[in-house]
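If you use my numbering, the sequence shown corresponds to residues 546 to 915, in order. Don't be surprised by glycine CBs; every beta carbon is placed ideally from N, CA and C. One structure is given below, encoded as structure tokens.
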Amino acid sequence: MADEILIKPDLQFVKRIMAAGGQDAKKCYQCDTCSVVCNLSPETSPFPRKEMLQAQWGLKEVVKSPDIWLCHQCSDCTVYCPRGAKPGEVLAVLRQMCIEEYAFPPMLARMVGDYRFLPLLIALPVVLLLLALKITGRLAIPEGDIVFSKMFPWYTIDIIFLGAAGFALFVFAQGVRRYWKDLNTSPWKVRLKGSLISHLIPTLVDIIKHDRFKKCETTFARSINHLMVFFGFVFLGLVTAWAFLKEWVFHQPGPYFIFSPIKLLAMVGTALLLYGIYQIIVARQANADKAGYGTYFDWQLIYVIVAVGVTGLGSWLFRLLGIKILAYPTYFLHLASVFFLFFYAPYTKLAHLVYRTVAMLYARMADRGF
Ligand code: SF4
Ligand code: SF4
Numbered sequence: 546m547a548d549e550i551l552i553k554p555d556l557q558f559v560k561r562i563m564a565a566g567g568q569d570a571k572k573c574y575q576c577d578t579c580s581v582v583c584n585l586s587p588e589t590s591p592f593p594r595k596e597m598l599q600a601q602w603g604l605k606e607v608v609k610s611p612d613i614w615l616c617h618q619c620s621d622c623t624v625y626c627p628r629g630a631k632p633g634e635v636l637a638v639l640r641q642m643c644i645e646e647y648a649f650p651p652m653l654a655r656m657v658g659d660y661r662f663l664p665l666l667i668a669l670p671v672v673l674l675l676l677a678l679k680i681t682g683r684l685a686i687p688e689g690d691i692v693f694s695k696m697f698p699w700y701t702i703d704i705i706f707l708g709a710a711g712f713a714l715f716v717f718a719q720g721v722r723r724y725w726k727d728l729n730t731s732p733w734k735v736r737l738k739g740s741l742i743s744h745l746i747p748t749l750v751d752i753i754k755h756d757r758f759k760k761c762e763t764t765f766a767r768s769i770n771h772l773m774v775f776f777g778f779v780f781l782g783l784v785t786a787w788a789f790l791k792e793w794v795f796h797q798p799g800p801y802f803i804f805s806p807i808k809l810l811a812m813v814g815t816a817l818l819l820y821g822i823y824q825i826i827v828a829r830q831a832n833a834d835k836a837g838y839g840t841y842f843d844w845q846l847i848y849v850i851v852a853v854g855v856t857g858l859g860s861w862l863f864r865l866l867g868i869k870i871l872a873y874p875t876y877f878l879h880l881a882s883v884f885f886l887f888f889y890a891p892y893t894k895l896a897h898l899v900y901r902t903v904a905m906l907y908a909r910m911a912d913r914g915f
């Protein structure tokens, strides 16, 4: 006879799932249609039916399951669910809770996931940047040609943004360490095969090519749109690293010639970012009825990316047009939105980049259908 399993439901956990956007989880009657239609679900112990049961029963351990990250929220399951339980959305909420579980401090993660704290979260970079202007005596619009380093010298930018990036990396490192430990001690623990490095490379190739994402049917276009945003970020990341090298190693700080390679790469990156995110918004609106509208957590990241792209493009255009009164404030907003993106990355949906990579690596090592 099988061993008895003691189940400890957590009603608060169920309430939190429902409040965060998984209010339809209770409608599930375990027909398993979702697991059958999901093209990403492995044959053994498939998702998302079992996660729906765990969510309904308040089994909190589900947020530690690597399977919730193997889902790419393509919504095929949501379209076919006969009960309208929206399993794709429920898994998205569980991923948000996983991010909250491993982020430090947890309270900041809760605040980021709650729209009521948004003004406070925005206030942090705004106040910090205003303080930097005050300390350096640059609160007024600078005289003469528009040169953004007159407002924020490069060393000020580097101190603020290296600090923000360092903080985010530290929080991520802590989260990944705890997550990996839990994966290897939780009920999902399996015998892993091969070395970490030998599996990490194909995992990264899979992510870069969006191979699994492309298996989605209902929202197939999302894989292309997501790819554009992804490469937009990669290009802009390269531009930042390039500018950093020019400044600190070659002592050639900007502004750069409009057709210089660094500017051209920045333009391509911004165009990909903005066009990709625009298409994501359009597709989400168009598929809202069948695939679900998405949660506050989803939309928050979308709007932060829009803010980064629009203010980046706007400050560049206003500078070219010589409209000082708009160029400097737009640049200020650009810096505030980039700070928001970096500093809060371990708590926002952007953290999926890290936790999904870890879960996919684990799944590959555990031979979960890769
Ligand atoms: S979520 Fe829907 S499709 Fe999946 S098991 Fe429940 S009722 Fe069936
Ligand atoms: S949203 Fe897509 S990937 Fe996720 S469980 Fe549903 S069908 Fe599978």
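Which two residues bound the contiguous alpha helix (DSSP H) that contains residue i?
| i | result |
| --- | --- |
| Y848 | Y841 to L866 |
| T681 | Note, T681: premise wrong, no alpha helix (DSSP H); not H, not E. |
| Q641 | P632 to Y647 |
| E792 | F765 to W793 |
| L809 | P806 to A831 |
| L906 | H897 to M910 |
| H879 | K869 to F888 |
| T623 | D621 to Y625 |
| L653 | P651 to V657 |
| F558 | L556 to I562 |
| L615 | D612 to L615 |
Give the C-beta separation of residue i and residue j to the nearest angstrom, bearing in mind that I take them to be a contact with Cβ-Cβ under 8 angstroms.
| i | j | result |
| --- | --- | --- |
| I850 | N770 | 12 angstroms between Cβ atoms; not a contact. |
| L871 | F877 | About 11 angstroms; that fails the 8 angstroms criterion. |
| L745 | V774 | About 23 angstroms; that fails the 8 angstroms criterion. |
| F717 | V899 | 5 angstroms |
| G799 | A788 | 7 angstroms |
| L604 | I552 | 7 angstroms |
| L556 | R757 | Not a contact, Cβ separation roughly 34 angstroms. |
| I486 | K869 | Residue 486 lies beyond the range of the chain shown here (546 to 915); nothing can be said about it. |
| I667 | L639 | Not a contact, Cβ separation roughly 27 angstroms. |
| G859 | T875 | 4 angstroms |
| L674 | L886 | Contact doesn't hold; Cβ gap of about 14 angstroms is too wide. |
Query raised in the report: Going along the chain, which unbroken runs of the alpha helix (DSSP H) with 4 or more residues stay wholly within the segment 564-607?
Result: If we require 4 residues or more, the alpha helix (DSSP H) runs fully inside the segment 564-607 come out as 578-582 and 594-601.
Query - Stretch-stretch touch, CB-based, cutoff 8 angstroms, three pairs: the segment 748-761 with the segment 786-793 - result: Not touching, per the Cβ criterion.
Query - At least 3 beta-carbon pairs within less than 8 angstroms: the segment 629-640 vs the segment 694-703 - result: Judged by Cβ distances under 8 angstroms, the segment 629-640 makes no contact with the segment 694-703, as fewer than three pairs qualify.
Query raised in the report: Quick one: any contact between the segment 854-867 and the segment 886-902, if contact means 3 or more CB pairs under 8 angstroms?
Result: At 8 angstroms Cβ cutoff, the stretches do not touch.
Query - the segment 639-656 in contact with the segment 607-617 per 3-pair CB rule at 8 angstroms - result: Contact between the segment 639-656 and the segment 607-617 is present, because at least three Cβ pairs lie under 8 angstroms.
Requested in this report: Go through the segment 682-741 residue by residue and report every complete run of the alpha helix (DSSP H) that reaches 4 residues or more, in order.
Outcome: Runs of the alpha helix (DSSP H) lying entirely within the segment 682-741 and spanning at least 4 residues, in chain order: 693-696 and 699-728.
Query raised in the report: Should the segment 739-749 be called in touch with the segment 586-604, which here means at least 3 C-beta pairs below 8 angstroms?
Result: Contact annotation: the segment 739-749 does not touch the segment 586-604, with fewer than three C-beta pairs closer than 8 angstroms.
Query raised in the report: Counting Cβ pairs, one atom from each stretch, are 3 or more of them under 8 angstroms apart for the segment 780-790 and the segment 808-817?
Result: Using a Cβ-Cβ distance cut-off of 8 angstroms, the segment 780-790 and the segment 808-817 are in contact, since at least three pairs of beta carbons, one from each stretch, lie closer than that value.
Report task. Specify whether the segment 578-596 and the segment 649-660 touch according to this definition: at least 3 beta carbon pairs, one from each stretch, less than 8 angstroms apart. Result -> Segments in contact, no.
Query raised in the report: Counting pairs of Cβ atoms below 8 angstroms between the segment 554-571 and the segment 613-620, do you hit three or more?
Result: The segment 554-571 makes no contact with the segment 613-620: fewer than 3 CB pairs, one atom from each, lie closer than 8 angstroms.
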